[in-house]
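Student:
Residue numbers (the numbering used here): 2 to 594.
Structure follows, in structure tokens:
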């Protein structure tokens, strides 16, 4: 795969690397930063605060200032480990144009940036609200976004009150205010909804789903899970080395019966590897509906008219995609015996020992495992399980699957990607390297007079589109309060859902076929080789304190996540996991032990 080449010289220290440059590639000049904003908060009317910004000409930034990151770094320098990220450089060409240079072609760039974890912050706000010398950062509770709502007040422990931002660049919010409240007990959440003190609640207990469906005052919405539980098969070991045997298993196992026995109500029975909440995931041929007689015929054809002996290995440690592993293993054991005459012995291993044995290709028989998507795109899970760099967990690799994976990742065209990944689905159903079992999600519920309610799989519900009957504010109850609203360093749904109302990224999640729509960017266009994405920002976008959005805000917002040594690389725990999940690694990583 082609990669951007860069100078072997070590990057400048982060404290000086954020140099302002004129244009692209011209010598750096002395910075002329905007004045820092007062940390006391925003004016109530959204006007520009008293701490005025620089009114001089726009001076574009680039990061790193001395050239692209070392994508092909052959060896680490003495003080840093090798760079493992996929970003090469970010350049503000002018006030409305940002150029992302990548180490590898990336058709999923738009999906990656469409997340509250990559929201764009104002430069002056970041400079005045992040301080490495402070234990708790002001930005955790003081948010200055560009979204349709703004934070009225939050002390980190109370309910979170948002009000409509009347200078929003897009369609104004349909309600005056949103209030986020918290309750950890699912039963009490439902009681609050039933009595009408809240308008919507997240995560209905599985045992309450039928009662909610039966209540005419309530509406339930499923929240799809970005995960998969599957039955693994290693084709290195007989008799699973024969495709006809694996196809017999796929026909003979009643996946819906296992889901009913071992998964919570509302779980989706999987007929493809990826959940449909991921764009391009549901095209192509599905795994067949169960047909035990056809499965037994195939086994007889393969020389096993009376079945055979095998093992089912699993960990009894619950996971979100496999909440009751023992029940699932027992149900699978019964299915194999009753439907196909196969005798399976259950074997329990600690989770880490299980995954190590699976990844090394040493585990014979069947096993139960699963995976979750880091972001809603087919590439991470499909490439991670069936691509050239995948582990040996399924035994042999398939050249035809590899070709279709390459088609899916070779273009940013939705039609080409859909075709490639649809063909992958058909090949998985034909070769049966595994058998998909379940996609586990949750459910949200609302008062029936709430119009426009949503339950997004990515926790990016847009409450600006919600009308709570004749009430002037929409009250939503979550399981917990966020620890911080600086979502650059948060991954929990409770924080991301709040941040999605007040802060915006270049793109946002959308129910369109591609799964995304422009937000702060009017458009991000790739180069033909997908190594460069050029984003044009919307004109006239303002932050809640009155500051204008420009390309330098984008550069700095990414830089502080990207560079471990940047003086503003500070968050609640400093993991910046959302950035790492999407772009692979930090600049200036610590040296290897």
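Virtual Cβ for every residue (Gly too), placed ideally from N, Cα, C.
Remember, predicted model here, so these are calculated numbers, not experimental data.
1) For residue 147, count neighbouring C-beta atoms within 10 Å of its own C-beta (all shown protein chains included) and say buried if the count is 16 or more, exposed if not.
2) Give me, in chain order, the residues of the same chain whose beta-carbon lies closer than 6 Å to that of residue 265; leave out the 5 immediate sequence neighbours on both sides.
3) Under a three-way DSSP split, which group does residue 335 fall into?
4) With contact counted as at least three CB pairs below 8 Å, one residue from each stretch, are the region 332–341 and the region 187–196 in contact?
5) Using the Cα positions of residue 588 and residue 238, report the straight-line distance between them to the nearest angstrom.
6) Where does residue 248 sit, in a helix, a strand or coil, going by DSSP?
7) The alpha helix (DSSP H) spanning residue 379 covers which residue range?
8) With a threshold of 7 Å on Cβ separation, who are the neighbours of residue 270 within its own chain once the five nearest residues in sequence on each side are excluded?
9) Measuring only the C-alpha atoms, how far is residue 385 from residue 245?
10) Under the rule that 16 or more other beta-carbon atoms within 10 Å means buried, what is residue 529, buried or exposed?
11) Check each candidate in 272, 591, 575, 563 and name the one with the smallest Cα separation from residue 90.
12) If we count the other Cβ atoms within 10 Å of its Cβ and call it buried at 16 or more, is residue 518 buried or exposed?
13) Pick out whichever of 277, 537, 569, 476 has its Cα sitting closest to the Cα of residue 490.
14) Roughly how many angstroms lie between the CA atoms of residue 286 and residue 128, to the nearest whole one?
15) So, at 7 Å on beta carbons, what are the nonlocal neighbours of residue 26 in its own chain, with the 5 sequence-adjacent residues on each side left out?
16) Which residues does DSSP pair with residue 542 in a beta bridge?
17) Closer than 8 Å by C-beta to residue 171: which residues in its own chain qualify, once you throw out the five before and the five after it? Chain order, please.
18) From this set, 554, 481, 591, 556, which residue's C-alpha is nearest residue 157's C-alpha?
19) Taking DSSP as the reference, what is the three-state secondary structure of residue 110?
20) In three-state DSSP terms, what is residue 50?
21) Could you pull the DSSP bridge partners for residue 535 from this structure?
22) Are the region 172–186 and the region 425–437 in contact at 8 Å, needing three or more beta carbon pairs?
23) To the nearest angstrom, how far is the alpha carbon of residue 423 from that of residue 242?
24) Apart from the five residues just before and just after residue 476, which ones in its own chain have a Cβ nearer than 7 Å to its Cβ?
25) Count the other CB atoms within 10 Å of the CB of residue 115; is the residue buried (16 or more) or exposed (fewer)?
26) Can you tell me whether residue 405 is helix, strand or coil according to DSSP?
27) In whole angstroms, what is the alpha-carbon distance linking residue 103 and residue 533?
28) Please go through the same chain and pick out, in chain order, the residues whose beta-carbon is closer than 7 Å to the beta-carbon of residue 308, but skip the five residues on each side of it.
29) Residue 314: which of 303, 321, 557, 326 sits nearest, CA to CA?
30) Specify, as a first and last residue, the run of the alpha helix (DSSP H) that residue 194 falls within.
31) For the candidate residues 443, 474, 495, whose alpha-carbon lies nearest to that of residue 452?
32) Using the C-alpha atoms, what's the distance from residue 575 back to residue 78?
33) Mind checking which residues open and close the beta strand (DSSP E) that includes residue 474?
34) Is it true that the region 485–502 meets the region 458–466, where meeting means three or more beta-carbon pairs spaced less than 8 Å apart?
35) Taking only three categories from DSSP, how would you classify residue 433?
36) Enumerate in chain order the residues of its own chain whose CB-to-CB distance from residue 393 is below 6 Å, with the five nearest sequence positions on each side excluded.
Tutor: By the coordinates alone:
1) Only buried fits residue 147, as 16 or more other CB atoms lie within 10 angstroms of its CB.
2) The answer, listed in chain order, is 207.
3) Helix, per DSSP.
4) These segments do not touch.
5) Residue 588 and residue 238 have their C-alpha atoms roughly 43 Å apart.
6) Three-state DSSP puts residue 248 in a helix.
7) Here the alpha helix (DSSP H) through residue 379 covers 379–387.
8) Result list for residue 270: 256, 257, 260, 439, in chain order.
9) CA-to-CA, the gap between residue 385 and residue 245 works out to about 25 Å.
10) Under a 10 Å Cβ-count criterion, residue 529 is classified as exposed, with fewer than 16 other Cβ atoms of the shown protein chains found around its own Cβ.
11) Per the Cα distances, 563.
12) Counting Cβ neighbours within 10 Å, residue 518 comes out exposed, since fewer than 16 surround it.
13) Sorting 277, 537, 569, 476 by C-alpha distance to the C-alpha of residue 490 places 569 at the top.
14) It is roughly 52 Å from the alpha-carbon of residue 286 to the alpha-carbon of residue 128.
15) With a pLDDT of only 39 at residue 26, under the threshold of 50, the placement of this residue in the model should not be trusted; the figure read from the coordinates follows. Hits under 7 Å: none found.
16) In the DSSP secondary-structure assignment, residue 542 is not bridged to any residue.
17) The answer, listed in chain order, is 149.
18) The shortest CA-to-CA distance from residue 157 to any of 554, 481, 591, 556 is the one to 481.
19) In the three-state scheme derived from DSSP, where H, G and I count as helix and E and B as strand, residue 110 is classed as helix.
20) The pLDDT assigned to residue 50 is 43, lower than 50, so where the model puts this residue is not dependable; a value taken from the coordinates is nonetheless given after this. When DSSP states are grouped into helix, strand and coil, residue 50 belongs to the coil group.
21) DSSP, once it has assigned bridges, lists 100, 526 as partnering residue 535.
22) No, they do not touch.
23) Rounded to the nearest whole angstrom, the C-alpha separation of residue 423 and residue 242 is 25 Å.
24) The beta carbon of residue 476 sits closer than 7 Å to the beta carbons of 180, 182, 199, 200 from its chain, once the five residues preceding and following it are set aside; these are given in chain order.
25) By the neighbour-count criterion, in which a residue is buried when 16 or more other Cβ atoms sit within 10 angstroms of its Cβ, residue 115 is buried.
26) Helix, per DSSP.
27) The straight-line gap from Cα to Cα measures roughly 6 Å.
28) Excluding its 5 nearest sequence neighbours in each direction, residue 308 has C-beta neighbours in its own chain below 7 Å: 300, 341, 342, 343, 344, listed in chain order.
29) When C-alpha distances from residue 314 are compared across 303, 321, 557, 326, the shortest belongs to 326.
30) Looking at the DSSP string, the run of the alpha helix (DSSP H) that includes residue 194 is 187–196.
31) Taking each of 443, 474, 495 in turn and checking the Cα distance to residue 452, the smallest one comes out for 474.
32) Answer to the nearest angstrom: the Cα atoms are 23 Å apart.
33) Note, residue 474: beta strand (DSSP E), 474–479.
34) The region 485–502 is in contact with the region 458–466.
35) DSSP, read as helix, strand or coil, puts residue 433 in coil.
36) The residues are 362.
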